[in-house]
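Residue numbers (our numbering), protein chains in the order written: chain V, 1 to 358; chain X, 359 to 652.
Glycine included, every Cβ here is placed at the ideal spot set by N, Cα and C.
A quick write-up on the structure given underneath.
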Amino acid sequence: MAEIKLDLAHAYKPNPQRDEDYALLPLEMTFRDGGAYALLGPSGCGKTTMLNIISGLLQPSQGTVCFDGQDVTARSPQQRNIAQVFQFPVIYDTMTVAQNLGFPLKNRKVPKEQIAKRVGEIAEMLEMSHQLDMRAAGLSADQKQKISLGRGLVRPDVSAVLFDEPLTVIDPHLKWQLRRKLKQIHHELKLTLIYVTHDQVEALTFADEVVVMTRGRAVQVGTAEDLFERPAHTFVGHFIGSPGMSFLPIQASASGMKIADQVVTVPQQVSVPAQATTLGIRPEYLRIFPNDQAGCLAATVQLIQDVGTYILVTCAVDQTPVRVRLSPQSWRPDMGENVYLQVLDAHTCFYCEEELVV
Amino acid sequence: MNNTDKPSNQKAWLLVLPVLICVAFSAILPLMTVVNYSVQDIFSPTRRIFVGTEWFTMVMRDSELHAALARQVTFSLSVLAVQIPLGVALALCMPASGWKASATLVLVALSLLIPWNVVGTIWQIFGRTDIGLLGHTLQQLGFDYSYTGNPTHAWVTVLIMDVWHWTPLVALLAYAGLRSIPDAYYQAARIDGASKWAVFRYIQLPKMRGVLMIAVLLRFMDSFMIYTEPFVLTGGGPGTSTTFLSQYLTQKAVGQFDLGPAAAFSIIYFLIILLFCFVLYNWMQNVGKSQQQG
């Protein structure tokens with residue numbers, strides 16, 4: 001187990017000049033010993049690159065990787081004693097389940113009795129004890145992926161276990177089960193776990209802290225609550241939540257606040273930072289009224305979607321779409337109706353050049 | 359089976375007919391001709407005597423044939439023992455991508471493009487002690503090398519010629535097998551701390567099993583039927599030391615015009631190859647399974 005510290009950048013081509021040349025822009029990050037982290041972001045945002053750099057499959061083009069203060073940049077995955085589970089199950093076809101699980105230990109010349117004992121423990125944890133003598137090749141995809149997970153967890157002294165979208169191939173109902181299993185294993189073994197995914201639910205339920213990434217940049221590191229309440233970057237606001245935050249351009253004016261093309265008076269409990277150019281508000285916090293209220297914006301209802309547990313109303317404020325989430329019991333507007341939106345309250349976030357202004 | 363629901367249409371057989379006719383003309387009729395010869399003594403189209411299994415009995419007791427069969431089996435097994443490991447080793451050394459990979463592939467495949475007759479001629483000249491590079495060099499180095507005089511030398515030369523000619527086929531097949539292994543397997547092996555040998559033993563070899571089986575079958579059948587190259591190189595000599603089955607058969611049929619025994623032997627030859635392939639195929643399938651279980 002180890003604390004992992006990154007201070008690096010990576011580009012797949014030589015001499016990166018512009019930001020677009022980097023797969024991973026210069027970043028500094030620390031993963032606590034024993035923490036459960038998720039790297040969350042859309043495809044191609046650099047999360048797998050970061051994972052491969054941590055595991056040592058990839059050398060960063062600049063900077064260092066430190067485990068417990070020791071520079072391990074030049075070391076191999078084996079020397080770093082790291083475990084990694086891949087998107088698609090990797091099993092050794094010719095071996096039994098037990099041999100598969102024990103393979104990392106066997107390669108490290110651990111005595112036979114110790115391997116058997118440890119494999120037994122892991123198999124029990126994964127509920128595979130009854131399958132130990134079966135050949136691994138004949139198992140189903142989720143069983144195979146469980147073996148891959150088990151191979152990751154089998155070394156008791158492992159520095160960290162990295163997961164690269166490990167549940168992609170698993171059926172949805174088993175996904176929940178395996179994720180819970182992972183959470184439980186994390187609780188029992190206190191390993192440092194880093195989990196890459198593009199699924200926010202997976203990230204938020206698995207990890208203590210989530211690293212949100214986009215275009216080679218880690219834009220925010222925080223708990224599920226941080227990401228929801230105070231997105232540090234418009235991307236986080238947009239990416240986290242279903243649907244994500246709505247954004248409106250703002251401008252200070254003599255008679256109050258100019259939001260989109262409308263001038264409103266700012267309520268007293270809200271303070272708008274001077275340099276802010278955009279405001280963001282989550283659909284959950286927007287309030288909607290049939291008639292004008294102080295500090296409200298006029299809008300037209302464009303779309304009403306009944307999702308069952310809630311109703312999603314998409315309004316247009318001077319062509320900018322703004323989404324509101326209503327409970328099924330509350331008043332609901334009709335299509336094309338003129339409504340008023342209260343966008344300024346304690347939950348409103350303000351941004352300047354995509355960054356949160358505090 | 360529920361026949362009442364299913365429409366029965368015997369005309370469907372007509373659709374199979376073209377294939378049946380093709381196969382009949384290409385395989386079954388020629389084979390039946392051989393069968394025809396093997397059970398009769400034919401003097402002329404009008405004079406023929408049915409002899410039953412007489413030719414078969416005669417051929418089975420032929421000690422020359424036994425010797426040729428023994429030589430043939432030894433040769434084919436030697437071919438497999440050398441070419442399969444060598445081909446796999448070659449494939450492991452070949453670059454994975456880029457222009458180097460393309461260049462290597464072309465280079466490796468070159469010997470496969472040479473007509474068999476020419477292969478024999480190349481080695482015949484190559485091994486000559488007066489003008490051949492190999493023969494002359496060996497002579498100069500003090501070896502009393504002569505593929506025309508020494509049975510062992512002839513045997514080894516034929517074997518090396520076959521290795522030179524056909525190992526690339528094994529290498530190409532193994533290479534194709536290697537390239538189809540996803541990167542994740544190698545990455546996982548690095549994470550698991552597997553040695554190079556372990557990667558070969560537990561990832562590459564199992565993943566190559568399918569193509570290697572094809573390679574073994576192809577090489578076995580081909581070498582078991584080898585004719586042209588040793589015929590050109592040594593002519594089956596010295597003595598009968600490199601006379602393999604098909605050459606022996608040709609001598610019988612064309613040289614001595616013993617069509618009856620030759621036909622009987624052809625059938626036996628055909629059945630031997632069929633049997634060997636059947637056994638090999640099943641054996642390799644079982645090896646895979648037992649490996650996975652144990």
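Pairwise C-alpha distance: residue j and residue i
i: C50 (chain V); j: G308 (chain V); result: Checking the sequence shown, residue 50 (chain V) turns out to be Met, not Cys. Rounded to the nearest angstrom, the two C-alpha atoms are 39 Å apart.
i: Q649 (chain X); j: I518 (chain X); result: The pLDDT assigned to Q649 (chain X) is 49, lower than 50, so where the model puts this residue is not dependable; a value taken from the coordinates is nonetheless given after this. Between Q649 (chain X) and I518 (chain X), the C-alpha separation is close to 32 Å.
i: H186 (chain V); j: L193 (chain V); result: 7 Å
i: L570 (chain X); j: I91 (chain V); result: 21 Å
i: M257 (chain V); j: R323 (chain V); result: 21 Å
i: G295 (chain V); j: E353 (chain V); result: 24 Å
i: F31 (chain V); j: A9 (chain V); result: 17 Å
i: Y395 (chain X); j: A621 (chain X); result: 6 Å
i: L531 (chain X); j: C451 (chain X); result: 14 Å
i: G652 (chain X); j: N644 (chain X); result: Note that G652 (chain X) scores a pLDDT of 37, beneath 50, so its modelled location is shaky; the value from the coordinates is reported in the next line. The straight-line gap from Cα to Cα measures roughly 12 Å.
i: A459 (chain X); j: S421 (chain X); result: 50 Å
i: A202 (chain V); j: K175 (chain V); result: Position check: residue 202 (chain V) holds Glu in this sequence, whereas Ala was assumed. Near 9 Å, if we compare the C-alpha coordinates of K175 (chain V) and E202 (chain V).
i: F103 (chain V); j: Q114 (chain V); result: 13 Å
i: L356 (chain V); j: Q275 (chain V); result: 11 Å
i: T495 (chain X); j: G138 (chain V); result: 56 Å
i: F602 (chain X); j: I480 (chain X); result: 20 Å
i: P231 (chain V); j: V266 (chain V); result: 22 Å
i: I304 (chain V); j: F228 (chain V); result: 24 Å
i: F634 (chain X); j: L438 (chain X); result: 13 Å
i: P26 (chain V); j: D7 (chain V); result: 7 Å
i: F206 (chain V); j: K183 (chain V); result: 6 Å
i: L167 (chain V); j: Q145 (chain V); result: 8 Å
i: S384 (chain X); j: M390 (chain X); result: 11 Å
i: L105 (chain V); j: F67 (chain V); result: 21 Å
i: K5 (chain V); j: L24 (chain V); result: 15 Å
i: G336 (chain V); j: I311 (chain V); result: 16 Å
Contacts of residue i in chain X (Cβ-Cβ under 9 Å)
i: A50 (chain V); result: According to the sequence shown, residue 50 (chain V) is Met rather than Ala. Residues of chain X passing the Cβ test: none, with the nearest at roughly 15 Å.
i: R151 (chain V); result: A546, I549 and D550
Contacts of residue i in chain V (Cβ-Cβ under 9 Å)
i: A370 (chain X); result: The contacting residues do not exist; A370 (chain X) stays about 38 Å from chain V at best.
i: S455 (chain X); result: Here the premise fails: no neighbours, minimum Cβ distance about 15 Å.
i: Y585 (chain X); result: Per Cβ cutoff of 9 Å: no residues; Y585 (chain X) is ~38 Å from chain V at best.
i: S538 (chain X); result: Going along chain V, no residue has its Cβ under 9 Å from S538 (chain X), so there is no contact; the nearest lies around 13 Å.
Contact list for residue i against chain X, beta-carbon separation under 7 Å
i: V90 (chain V); result: A542, Y543 and A546
i: P77 (chain V); result: R548 and I549
i: S55 (chain V); result: I549
Chain-order list of residues whose beta-carbon lies under 7 Å from that of residue i (same chain, five-residue window excluded)
i: P619 (chain X); result: W413, M416, V417 and K610
i: L204 (chain V); result: V210 and A224
i: M134 (chain V); result: T96 and V97
i: L470 (chain X); result: P526 and L527
i: G359 (chain V); result: Nothing in the structure corresponds to residue 359 (chain V), since chain V is present only between 1 and 358.
i: G241 (chain V); result: F228 and R282
i: L372 (chain X); result: none
Chain-ordered chain V contacts of residue i [CB-CB under 7 Å]
i: A556 (chain X); result: N107
Contacts around residue i, its chain only, beta-carbon distance under 6 Å, and the 5 residues preceding and following it disregarded
i: V317 (chain V); result: A260, L297 and A299
i: V161 (chain V); result: A83, G152, L191 and L193
i: N347 (chain V); result: What sits at residue 347 (chain V) in the sequence shown is His, not Asn. Closer than 6 Å at the Cβ level, and outside the excluded window around H347 (chain V), lie Y285.
Residue i CB to nearest heavy atom of the ligand HEM below 7 Å
i: T432 (chain X); result: No copy of the ligand HEM appears in this structure; indeed no ligand is present at all.
Contacts around residue i, its chain only, beta-carbon distance under 8 Å, and the 5 residues preceding and following it disregarded
i: V393 (chain X); result: A621 and I625
i: Q79 (chain V); result: G56 and V72
i: W641 (chain X); result: none
i: V409 (chain X); result: V397, Q398, D399 and G618
i: F484 (chain X); result: G490, L491, L492 and G493
i: T380 (chain X); result: Position check: residue 380 (chain X) holds Cys in this sequence, whereas Thr was assumed. Closer than 8 Å at Cβ, skipping near neighbours: no residue.
i: A141 (chain V); result: P89, V169 and I170
Under 8 Å by beta carbon: chain V residues contacting residue i
i: S553 (chain X); result: N107
i: I561 (chain X); result: Y92
Please name the residues in the segment 281 to 294 of chain V whose beta-carbon is closer than 9 Å to at least one beta-carbon of chain X, in chain order.
-> none
Which residues, taken in chain order from the segment 563 to 582 of chain X, show a beta carbon closer than 7 Å to some beta carbon of chain V?
-> P564
At a Cβ cut of 9 Å, what residues of the segment 181 to 194 of chain V count as close to chain X, listed as they run along the chain?
-> none
Members of the segment 82 to 116 of chain V that neighbour chain X once the beta carbon cut-off is set at 8 Å | I82, A83, Q84, F86, Q87, F88, V90, Y92, D93, T94, M95, T96, F103, P104, N107 and R108
Can we say the segment 288 to 296 of chain V touches the segment 216 to 235 of chain V, given the rule of at least three CB pairs closer than 8 Å?
-> no
Can you find at least 3 beta carbon pairs, one from the segment 150 to 167 of chain V and one from the segment 112 to 126 of chain V, that sit closer than 8 Å?
-> yes
Would you say the segment 434 to 448 of chain X touches the segment 563 to 583 of chain X, given that touching needs at least three Cβ pairs under 8 Å?
-> yes
Count the CB pairs spanning the segment 369 to 386 of chain X and the segment 591 to 599 of chain X that are closer than 8 Å, and state whether there are at least three.
-> The answer is no - the segment 591 to 599 of chain X does not touch the segment 369 to 386 of chain X, with fewer than three Cβ pairs under 8 Å.
State whether the segment 422 to 434 of chain X contacts the segment 542 to 560 of chain X, with contact taken as three or more CB pairs (one from each stretch) at a distance under 8 Å.
-> no
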